[in-house]
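Residue numbers (the numbering used here), protein chains in the order written: chain A, 1 to 327; chain B, 1001 to 1342; chain C, 2001 to 2319.
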């Protein structure tokens, strides 16, 4: 597939409102997503990483219009789909939704507990290909087999499956309408470690087989490294570094990226000795530091970092970083 | 039960022998911990690794008899500083908890009382255990907040938990555990709920503190990276039993038990490139067993790549395969364990 | 078929995929299974079933018509229970057993009728408020609060009395049991706020669950989300509320009747108490029977609600 998803200038802010008796005064705004742009092509996986509050989940939800973005464009093969998703034309909206699907983090809550697994998987078929009921059952059985579940268990309820199996159901539901893009929000974080590898393998195999593109959101950098072709690092709503996955992990240019990578405990004793110490905590989004948002915690901060906000600039053939003093 | 001394002259600070903890439920008895042995020496950090259902959390809670009802310790001994905590009086337990053995919990948000100020919570503990006055207790609390890296402790003492960030709350949790300078610190997934960079800070803090205070530590986690960083020795648990115990370097360089090996292989590595034509992680088939009806024989046999028919019949007993290295696997020479009545 | 996807690295072993000895699978059936193990709930169910059976077949089985005052004619009123009148006779010669049995269908009509009205209004208003939100939510909630603030009892008494006067001389007068119907409607009209608030809370909560968001991502229409996703999941707490409300409505009607504002032509337990409380000391059976009936019925519904709460929200219990 050669579809292209281009996100440019996506913005979402939440106003902090002080409510007085009859007036509402906006005191400040939290920029949950602040001018985020990236491109994902068919067959690729963009890993979106960052810690809590960086805006990665909000970005995904804004792309799908689960939250209404305040600005920016989301282009699918050149067509801006945000107004379509928000608009009244249901047929056009469905045409777009069919192409981008979502896999949720929590396998327990992303399936309706009162529906059987088969019913859950028939829903996308019912919505997008009504009138073809005779083929639905066959398709559901095929989907269940594809993700490694027994089709005979389709009549069971979600609570009868384990977390890993529920996540497989969620994935099966997402690929039911043969989308071109799948946004995955921490799909393995809630699972046992011995099960994570199974699901990661499944996702990789499905991508190789069906050619979809993934936007893989996670705070777990190791799984991101496994599944992604490119990675974008977010901090306080902005992308601070982006590039080919091996390049970014092996040679990070932004200091936050370097700190993030070295903070991950490596399963090798003694590996911890070469680490970048990061002081302080992620600042509250209400009190965004001036200039580069990372400068209070950055060991390499220069005076200009305090006043001027860096923009994403190419740092090599395969990566971009927003830093005045890159590594 | 087999217990391997760390060295001839060291009596371990804590020795757990044959611990069994069960939960009677309407559907049957859940054998959460089914015959576990390990020990911790003075100044040593033991990492207990396992996934959900391995019994690691129940084990750590049971050391202080804090496992929530209906949990019951049905067998075994927990010998701490010469005293068996399983059979001792509740009065002795209360005297030990928080004073000689302390615990930090996974979720800092829920382990602090939201309606009491930090200073109040910390000083209460001190006053309970040592009987000192309010002002000296608050001073000591401030001293500890400084020790765990919280700036401006006087102001923090007056604050409430909800005013602190996750990392700060966990630091307060650590300070709380260290108030009476315990000999042993139990840390149950202390960093799982925290962001990655904060996690690194907390682990650094724990490493520094245990050296400074000559404290032993038991670190319970599912994260192999965390134990690699922190532990001197590692015990790997699965479905309520211990698979393997060894020095940290041995576990990572030369693991023997098939579960340990499979686990290490199945975790994606951050320092390893996966851009190749065929990306596959060696994964463990299946999922952790149902503890209501555990499989007969070795708990891992259904998922084990090296299983033989005998594995389904025989429950392996721990056997020593090297200095300080024990394994429970008949494929590695373990004899059968005679099943004890629960 | 994608045969090469179903190889060892991906497929979960299917043999041990699902435990086989678990209780039946459907969520409703699972709740029933839990309910059966709750003693209070089962007792409640038994009591309620008893009342329902009494209401349905009791009237066919009693020896005397409820308005048979023949006992008074031969001086046998206010008689203690005997072989002829199993629960005795009351102040005007009615057979107490008959009146008590015939009171059951009235009580159930009141309870079910009132809660039906309350549920319909409450679910609609609460559902709209919870799902739409914003100004609509605010307006509806203020209206709800108004209904909660009004003193229900006083209003019922006043309306019943006024209605009784207003209706004289109009064709409405001939409607059977008009007073009772008025009471039922009024009870329903004042019971809906609690249903509305519960519904609103559930809709607000469910609107944000991930499976509803998943449905949005799939493209499911709003109507489908409301009816197929949200409503079935909102039902359990509503059912509990309704069970409690039925008991409450029955009790309310009994109180209204006891104060003399009930429908004298209807046969209800409250009415029986109203007729006979003056002879309580000399003929206690006349009041004990309807009193016990009210007690058993309301207790039954309350225990049922208790059991349902547990069945829908399983808690880990020691044992």
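Every residue, glycine too, gets a C-beta built ideally from N, C-alpha and C.
For the candidate residues the options, whose alpha-carbon lies nearest to that of residue i?
| i | options | result |
| --- | --- | --- |
| residue 245/A | 263/A, 255/A, 223/A and 236/A | 223/A |
| residue 127/A | 2220/C, 2252/C and 2307/C | 2220/C |
| residue 4/A | 79/A, 252/A, 29/A and 25/A | 79/A |
| residue 319/A | 242/A, 308/A and 299/A | 242/A |
| residue 47/A | 260/A, 219/A, 252/A and 278/A | 219/A |
| residue 2203/C | 2123/C, 2056/C, 2104/C and 2041/C | 2123/C |
| residue 1075/B | 1042/B, 1090/B, 1101/B and 1032/B | 1032/B |
| residue 2097/C | 2110/C, 2240/C and 2054/C | 2054/C |
| residue 2259/C | 2293/C, 2154/C, 2120/C and 2111/C | 2154/C |
| residue 252/A | 101/A, 325/A, 198/A and 171/A | 325/A |
| residue 210/A | 42/A, 102/A and 248/A | 42/A |
| residue 1311/B | 1319/B, 1318/B and 1302/B | 1302/B |
| residue 2191/C | 2074/C, 2121/C and 2079/C | 2121/C |
| residue 1192/B | 1169/B, 1182/B, 1107/B and 1113/B | 1107/B |
| residue 13/A | 59/A, 44/A, 25/A and 160/A | 59/A |
Residue i and residue j look like a contact to me (Cβ under 8 Å); what is the Cβ gap, rounded to whole Å?
| i | j | result |
| --- | --- | --- |
| residue 256/A | residue 240/A | 6 Å |
| residue 1019/B | residue 1054/B | About 14 Å; that fails the 8 Å criterion. |
| residue 1231/B | residue 1288/B | Going by Cβ atoms, the distance from residue 1231/B to residue 1288/B rounds to 22 Å, so no, they are not a contact pair. |
| residue 152/A | residue 158/A | With a Cβ gap of about 16 Å, residue 152/A and residue 158/A do not count as contacting. |
| residue 1244/B | residue 1221/B | Not quite, the Cβ-Cβ distance comes to about 16 Å (not below 8 Å), so this is no contact. |
| residue 2243/C | residue 2304/C | 5 Å |
| residue 335/A | residue 170/A | There is simply no residue 335/A to check, as chain A begins at 1 and stops at 327 in what is shown. |
| residue 1194/B | residue 1149/B | No, residue 1194/B and residue 1149/B are not in contact; Cβ-Cβ is about 14 Å, not under 8 Å. |
| residue 1281/B | residue 226/A | 7 Å |
| residue 2245/C | residue 2302/C | Incorrect: roughly 11 Å between the Cβ atoms, too far for contact. |
| residue 1197/B | residue 278/A | 5 Å |
Is the CB-CB distance between residue i and residue j below 8 Å?
| i | j | result |
| --- | --- | --- |
| residue 2090/C | residue 2286/C | yes |
| residue 192/A | residue 1111/B | no |
| residue 2284/C | residue 2273/C | no |
| residue 2070/C | residue 2092/C | no |
| residue 1092/B | residue 1118/B | no |
| residue 2237/C | residue 2198/C | yes |
| residue 75/A | residue 180/A | no |
| residue 105/A | residue 190/A | yes |
| residue 114/A | residue 71/A | no |
| residue 1103/B | residue 1188/B | yes |
| residue 1313/B | residue 1241/B | no |
| residue 1237/B | residue 1056/B | yes |
| residue 2128/C | residue 2116/C | no |
| residue 286/A | residue 67/A | no |
| residue 2299/C | residue 2240/C | no |
| residue 1125/B | residue 1179/B | yes |
| residue 1067/B | residue 1115/B | no |
| residue 2102/C | residue 2267/C | yes |
| residue 1184/B | residue 1013/B | yes |
| residue 9/A | residue 233/A | no |
| residue 206/A | residue 100/A | no |
| residue 1250/B | residue 1038/B | no |
In terms of DSSP beta bridges, what is residue i paired with?
| i | result |
| --- | --- |
| residue 2095/C | 2089/C |
| residue 1023/B | 1030/B |
| residue 243/A | 231/A and 319/A |
| residue 1046/B | 1218/B and 1233/B |
| residue 12/A | 33/A |
| residue 1184/B | 1101/B and 1216/B |
| residue 55/A | BP columns for residue 55/A are empty, so no partner. |
| residue 160/A | Answer by DSSP bridge pairing: none, since residue 160/A is not bridged. |
| residue 1015/B | 1039/B and 1079/B |
Cβ closer than 9 Å: which chain F residues qualify as neighbours of residue i?
| i | result |
| --- | --- |
| residue 128/A | In the structure shown, chain F does not exist; the protein chains are A, B and C. |
Please give the ranges of any alpha helix (DSSP H) in the stretch 66-132 of chain A, keeping only runs that are unbroken, at least 4 residues long and fully inside the region. 82-86, 90-97 and 117-128
Report the start-end ranges of each beta strand (DSSP E) in the stretch 1284-1328 of chain B that is 3 residues or longer and not cut off at the edges. 1319-1322 and 1325-1327
Secondary structure, alpha helix (DSSP H): runs of 4+ residues fully inside the stretch 2134-2166 of chain C: 2134-2149
Would you list, in sequence order, the uninterrupted alpha helix (DSSP H) runs of no fewer than 4 residues that lie entirely inside the stretch 2255-2312 of chain C? The alpha helix (DSSP H) runs lying completely inside the stretch 2255-2312 of chain C and spanning 4 residues or more are 2269-2276 and 2285-2312, given in chain order.
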